[in-house]
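Protein sequences appear in the order of chains A and B.
Counting from 2, one number per residue, gives the positions in the first sequence under this note's numbering.
Counting from 172, one number per residue, gives the positions in the second sequence under this note's numbering.
Think of the CB as a built atom: it goes at the ideal place given N, C-alpha and C, for glycine as much as any other residue.
Notes follow once the structure below has been shown.
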Amino acid sequence: MNLFKYSSPSTFYPLAGALAPWFGWAAGLLSVWGLYIGFFEAPTDFQQGEAYRIIFIHVPAAWMSMFLYLVMAAWAGVGLVFNTRLSSMMALALAPTGAMFTFVALVTGALWGKPTWGTWWAWDARMTSELILLFLYLGFMALHASIEDLRRADKACAVLALVGAVNVPIIYYSVRWWNTLHQGASVSMTAAPKMAAIMLHSMFIMMVAAWMYSIAVVLTRVRRIIRERERQTAWLRELQTEEALA
Amino acid sequence: MNWGSLDNFLHMGGYGFYVWGSYLVTAVCIAIELLMLWLRSKSAASRIPENNA
Numbered sequence: 002m003n004l005f006k007y008s009s010p011s012t013f014y015p016l017a018g019a020l021a022p023w024f025g026w027a028a029g030l031l032s033v034w035g036l037y038i039g040f041f042e043a044p045t046d047f048q049q050g051e052a053y054r055i056i057f058i059h060v061p062a063a064w065m066s067m068f069l070y071l072v073m074a075a076w077a078g079v080g081l082v083f084n085t086r087l088s089s090m091m092a093l094a095l096a097p098t099g100a101m102f103t104f105v106a107l108v109t110g111a112l113w114g115k116p117t118w119g120t121w122w123a124w125d126a127r128m129t130s131e132l133i134l135l136f137l138y139l140g141f142m143a144l145h146a147s148i149e150d151l152r153r154a155d156k157a158c159a160v161l162a163l164v165g166a167v168n169v170p171i172i173y174y175s176v177r178w179w180n181t182l183h184q185g186a187s188v189s190m191t192a193a194p195k196m197a198a199i200m201l202h203s204m205f206i207m208m209v210a211a212w213m214y215s216i217a218v219v220l221t222r223v224r225r226i227i228r229e230r231e232r233q234t235a236w237l238r239e240l241q242t243e244e245a246l247a
Numbered sequence: 172m173n174w175g176s177l178d179n180f181l182h183m184g185g186y187g188f189y190v191w192g193s194y195l196v197t198a199v200c201i202a203i204e205l206l207m208l209w210l211r212s213k214s215a216a217s218r219i220p221e222n223n224a
């Protein structure tokens, strides 16, 4: 099987359409399961009381915000180097979802910070770099919208996305490099988690749910982008005729 | 975790505003994203011109 076949919009379009609903269902079922464990099985935290239950969305959202940025920058980079038009469309499709998760991470962080730290916001390294991430996403979308020639817009945005990628390790390591109000990592690759197993369990399920949601939404959005950009092509017209006859 | 009553569940040990506020904001953001995606499929830009050949 030739996987590169799917690097063409005309073959990727139906594949994305077939896959998206499955990821959507998986996201819905996993978040119900994860929240059930998070609210009905996980006990009260001995330090934070019930306020800690914000973790089940805050941490998955924050991880997704960083990870989606790297995926977006990677696709944009591939589009820049190999001039493949689907790669640039993928990058463009990822930006709004990444921005949404960044916003959610910031707002839930503020709502968590107020009762536990006594402040909604502090200009510490973790929060400031996450805010910059939001501006990078918004800048990416605004820059793309402001350049009329789509291929030029793709290229300019790819450079922005790649340069901005340096911010992601800064966010990730900020709690280690600087003394921040934000706590250090509760979960890391190298040490045992500093959380009760049942809380961790719920958080990981929510993490996978956020993954599935992102895949479903991005696949659907990339189909919209393909439709908008390729509307003059013969394959889309044929598809439309087939859909009309079916 | 047995909450005992719905009131206790909504009260969240005094953190109801923060916990439910977080979940509400997230739900609204997701709803807006899905709505915008749906509206985009209805937009003129994604409509394919009729094949007049």
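Other residues of its chain near residue i: CB distance less than 7 Å, five sequence neighbours each side excluded
i: A162/A; result: M73, A74, A77, A92, F141
i: A202/B; result: none
i: A17/A; result: L220, V223, R224
i: P44/A; result: none
Neighbourhood of residue i by C-beta distance below 6 Å, restricted to the same chain and skipping five residues each side
i: F102/A; result: A62, M65, S66
i: Y53/A; result: D46
i: F68/A; result: none
i: A154/A; result: H145, I148
For residue i, three-class secondary structure by DSSP
i: D125/A; result: coil
i: G35/A; result: helix
i: K213/B; result: helix
i: D150/A; result: coil
i: G78/A; result: helix
i: G110/A; result: helix
i: G165/A; result: helix
i: G192/B; result: helix
i: A198/B; result: helix
i: G185/A; result: coil
i: G175/B; result: coil
i: G280/A; result: The first residue shown for chain A is 2 and the last is 247, placing residue 280/A beyond what the model contains.
i: A224/B; result: Residue placement at A224/B is poorly supported in this model, since its pLDDT is 45, which falls under 50; the coordinates are not used for a value here.
Rounded separation between residue i and residue j - CA only
i: Y194/B; j: E239/A; result: 44 Å
i: L134/A; j: W124/A; result: 14 Å
i: Y14/A; j: Y174/A; result: 38 Å
i: Q48/A; j: W209/B; result: 43 Å
i: A1/A; j: T12/A; result: In the structure as shown, chain A begins at 2 and stops at 247. Residue 1/A is therefore absent and cannot be evaluated.
i: G192/B; j: E204/B; result: 18 Å
i: L139/A; j: H145/A; result: 10 Å
i: F83/A; j: M213/A; result: 28 Å
i: S9/A; j: I227/A; result: 10 Å
i: R230/A; j: S89/A; result: 12 Å
i: Y7/A; j: I171/A; result: 34 Å
i: A106/A; j: F5/A; result: 35 Å
i: I38/A; j: F205/A; result: 11 Å
i: G187/B; j: T197/B; result: 15 Å
i: I216/A; j: I148/A; result: 27 Å
i: S187/A; j: V199/B; result: 27 Å
i: W118/A; j: A143/A; result: 34 Å
i: W174/B; j: A126/A; result: 37 Å
i: R232/A; j: A247/A; result: 20 Å
i: V79/A; j: L181/B; result: 48 Å
Cβ neighbour criterion (16 or more within 10 Å) applied to residue i
i: A211/A; result: buried
i: F57/A; result: buried
i: D178/B; result: exposed
i: A224/B; result: Confidence is the limiting factor: at A224/B the pLDDT is only 45, short of 50, which leaves the residue's position unreliable and the question unanswerable from this model.
i: D150/A; result: exposed
i: T242/A; result: exposed
i: L237/A; result: buried
i: W23/A; result: exposed
i: M207/B; result: exposed
i: A198/A; result: exposed
i: L95/A; result: buried
i: V108/A; result: buried
Selected residue, minimal CA-CA separation from residue i, among the options
i: Q184/A; options: I206/A, G110/A, E229/A; result: G110/A
i: S203/A; options: L246/A, C158/A, L31/A; result: L31/A
i: T129/A; options: V60/A, L112/A, T181/A, H59/A; result: T181/A
i: K115/A; options: G185/B, L181/B, S176/B; result: G185/B
Neighbour list for residue i in chain D, Cβ cutoff strictly below 7 Å
i: E51/A; result: The structure shown contains no chain D; the protein chains it does contain are A and B.
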